[in-house]
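Asker: First the structure, which I've put down as structure tokens, then a few questions once you've had a look.
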Amino acid sequence: MAWTVPRTWVAGEMVTHTLLNQDVRDNQTAFFGSRAIVTTSESTTSTVFVDLATSGPAVTVTTLTEAFVWLGATYNNNSATRHAIMGVAVSGATTIAASADHRALILRAYFASCQFSSAKFFKQTGLTAGSNTFTAKYTAFDAGTAAFQDREMIVIPVGLL
Amino acid sequence: MSWTAPRTWVAGEVPTAAIMNAHIRDNPQALIWSEADVQTSQTTTSTSYTDLATSGPAVTLTTLTAAYVMVACWMSNSASNRNAMSYAVSGATTLAASDTWMMSTFNYNIGAFQSMRISRQVALTAGSNTFTAKYRTTAGTSTFQRRRIAVLGVGG
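Taken in sequence, the protein lines are chains A and B. Read left to right, the first sequence gives residues 1 to 161 (the numbering used here). Read left to right, the second sequence gives residues 1001 to 1156 (the numbering used here).
Below, the structure written as structure tokens:
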């Protein structure tokens, strides 16, 4: 069910089932979000964003021009002071590459193999309205082997644009 | 206010007060997170999930079969070990705390972290469910404070 910018109701208008299904049923359903998880522990030595042996998780949703995204994982790097980064790329109606910034879950290991489990929440703007696929991507960024497990992504395609 | 799966409206029907209250009044309110927190700093040496001296925090709400759950706290360890905060579910559902949805940090000696984890729990039985924070360490003594749990009981 796709999100629609909530309409302004007008005095005296006839409220049809079509309007209720769009503005009540579908918009409330959009708040469920779409979620995917890959529990398998896998790793990469790549210094650029790549897929792991099991790609994803990935979520395909119909959006307007913005959506809320959560990333979560348990992650580490086997080399001291090196990174483990989980980002997200967008494809479909929109093309946006993964990036190591506010759109990523980032760890810089104090020493070898110290492991963290946490989440990152952000608002993805700049989307082209339509069917968009959000796919998790991974990198060790500078060196070492970055490992990730219980990799979860949630996308809630709501917004006022 | 509990969540009801959004209904499909039908041409020509007369919406009753009960329908409007469930879908126009109650469902938007169900989009408000239910939260609880325990500020007290307490410790554990348990390597399996357990309660602290003050259990929780815990949230009870009526859900369908899925919910969003957020756990957050400030945590540290007496040495270089890992601390973990997760949650268990009781009531209509019985689900033990698990590393699959934990939030954890690895502390180097006296270092400390404030962090959070949000996950979607899809293994619920519809009904009244209580989400209770649980804690463990991998070794040493883990300390937890400013402990918060929040649940959004939508979907499913």
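Here a beta-carbon is modelled for each residue, glycine too, at the ideal position from N, C-alpha and C.
If I measure Cβ to Cβ from Ala1088 (chain B) and keep anything under 8 Å in the same chain, skipping five residues before and after, which residues do I get?
Answerer: Looking up residue 1088 (chain B) in the second sequence gives position 88. Excluding residues within five positions, the ones whose Cβ falls inside 8 Å are Tyr1049, Leu1095, Ala1096, Ala1097, Phe1131, Thr1132, Lys1134.
Asker: Any beta carbon from chain A within less than 8 Å of Ala1011 (chain B)'s own beta carbon?
Answerer: Taking the second sequence and counting its residues from 1, one reaches residue 1011 (chain B) at position 11. Yes, Ala1011 (chain B) counts as interfacial toward chain A.
Asker: Grouping DSSP H, G and I as helix and E and B as strand, with all else coil, what is Val1151 (chain B)?
Answerer: Looking up residue 1151 (chain B) in the second sequence gives position 151. If DSSP states are grouped into helix, strand and coil, Val1151 (chain B) belongs with the strands.
Asker: Under a three-way DSSP split, which group does His83 (chain A) fall into?
Answerer: Locating residue 83 (chain A) in the first sequence gives position 83, where the first residue counts as 1. In this structure, His83 (chain A) counts as strand in the three-state DSSP scheme.
Asker: Might you give, ordered along the chain, the residues of its own chain that have their beta carbon closer than 6 Å to the beta carbon of Val1059 (chain B), omitting 5 neighbours on each side?
Answerer: By 1-based counting over the second sequence, the position of residue 1059 (chain B) is 59. Taken in chain order, the residues that qualify are Ser1034, Ala1036, Phe1131, Ile1149, Val1151.
Asker: Nearest chain A C-beta to Arg1082 (chain B) closer than 8 Å, yes or no?
Answerer: Within the second sequence, the letter at position 82 stands for residue 1082 (chain B). So yes, Arg1082 (chain B) belongs to the interface.
Asker: Compare the Cα-Cα distances from Ser1080 (chain B) to each of A:Arg103, A:Thr54, A:Cys114, A:Gly87 and report the closest residue.
Answerer: Within the second sequence, numbered from 1, the residue matching residue 1080 (chain B) stands at position 80. The shortest C-alpha separation from Ser1080 (chain B) is found at A:Cys114.
Asker: So what does DSSP say about Asp1051 (chain B), is it helix, strand or coil?
Answerer: Position 51 of the second sequence, counted from the start, is the residue given in the question as residue 1051 (chain B). Reduced to three states, the DSSP call for Asp1051 (chain B) is coil.
Asker: Hey, is Phe116 (chain A)'s beta-carbon within less than 8 Å of any beta-carbon in chain B?
Answerer: Your numbering for residue 116 (chain A) matches position 116 in the first sequence. Yes, because at least one Cβ of chain B sits closer than 8 Å to the Cβ of Phe116 (chain A).
Asker: Considering only residues of the same chain and omitting the five flanking positions on each side of Phe32 (chain A), which have a CB-CB separation below 6 Å?
Answerer: Within the first sequence, the letter at position 32 stands for residue 32 (chain A). Cβ neighbours of Phe32 (chain A) beyond the five flanking positions: none.
Asker: Between Asn1027 (chain B) and chain A, is the shortest Cβ-Cβ distance under 8 Å, so that the two count as touching?
Answerer: Locating residue 1027 (chain B) in the second sequence gives position 27, where the first residue counts as 1. Asn1027 (chain B) counts as touching chain A.
Asker: Which residues, in chain order, does the segment 32-53 of chain A contribute to contact with chain B at a C-beta distance below 7 Å?
Answerer: So the list reads Phe32, Arg35, Thr39, given in the order they occur along the chain.
Asker: Helix, strand or coil: which one does DSSP assign to Met1020 (chain B)?
Answerer: Residue numbering aside, residue 1020 (chain B) sits at position 20 when the second sequence is read from its first letter. Looking at Met1020 (chain B) - three-state DSSP - the assignment turns out to be helix.
Asker: Can you tell me which of the three DSSP states Thr1100 (chain B) falls into?
Answerer: The residue labelled residue 1100 (chain B) in the question sits at position 100 within the second sequence. It is helical.
Asker: Comparing C-alpha positions only, which one of A:Ala89, A:Asn78, A:Val90 sits nearest to Arg108 (chain A)?
Answerer: To locate residue 108 (chain A), count along the first sequence from 1; it is residue 108. Of A:Ala89, A:Asn78, A:Val90, the residue nearest in Cα terms is A:Asn78.
Asker: Report the CB separation of Phe116 (chain A) from Thr1016 (chain B) in whole angstroms; it is logged as a contact under 8 Å.
Answerer: Within the first sequence, the letter at position 116 stands for residue 116 (chain A). Within the second sequence, the letter at position 16 stands for residue 1016 (chain B). 51 Å between Cβ atoms; not a contact.
Asker: Hey, could you find the ends of the alpha helix (DSSP H) Leu71 (chain A) is sitting in?
Answerer: The count along the first sequence starts at 1 and reaches residue 71 (chain A) at position 71. Taken as a continuous stretch (DSSP letters only), Leu71 (chain A) belongs to no alpha helix (DSSP H), being part of the beta strand (DSSP E) at 67-77.
Asker: List, in order along the chain, the chain B residues whose C-beta lies closer than 9 Å to that of Asn77 (chain A)?
Answerer: Taking the first sequence and counting its residues from 1, the one referred to as residue 77 (chain A) is at position 77. The contacting residues do not exist; Asn77 (chain A) stays about 11 Å from chain B at best.
Asker: At a Cβ threshold of 8 Å, is Ile154 (chain A) touching chain B?
Answerer: As a position in the first sequence, residue 154 (chain A) is number 154, starting the count at 1. Cβ-Cβ to chain B under 8 Å: yes for Ile154 (chain A).
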